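Adding 11 to a residue's 1-based position in the sequence shown gives its number in this note's numbering.
Even glycine gets a Cβ: it sits at the ideal position worked out from N, Cα and C.
Owing to the predicted nature of the structure, the values given are computational and were not obtained by experimental measurement.
A quick write-up on the structure given underneath.
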Amino acid sequence: MVALPMPQDTVVIELMPREDDENSVDLVMKVVKRRDPLRAITMAKAVNSGQQTD
12 MVALPMPQDT
22 VVIELMPRED
32 DENSVDLVMK
42 VVKRRDPLRA
52 ITMAKAVNSG
62 QQTD
């Protein structure tokens, strides 16, 4: 079993000066959801790869 870390969501903040008032800013906040694609691993056992006896 393999434990993978959980994807972390982040917040992106943009500050932009307002055109009508030089002492104010516009604030835009966005949540960016980070989702990793699912990964699959195929495992196979080779023939006669078990315990060997002499």
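For residue i: DSSP bridge partner residues
{"i": "glutamate 30", "result": "None, per the DSSP bridge assignment."}
{"i": "threonine 21", "result": "Val43"}
Reduced DSSP category for residue i - H, G, I as helix; E, B as strand; rest coil
{"i": "valine 58", "result": "coil"}
{"i": "leucine 38", "result": "strand"}
Whole-angstrom C-beta distance between residue j and residue i, which should lie under 8 angstroms
{"i": "valine 42", "j": "valine 22", "result": "6 angstroms"}
{"i": "proline 18", "j": "arginine 50", "result": "The pair is not a contact, with the Cβ atoms about 12 angstroms apart (cut-off 8 angstroms)."}
{"i": "lysine 44", "j": "aspartate 20", "result": "5 angstroms"}
{"i": "isoleucine 24", "j": "methionine 40", "result": "5 angstroms"}
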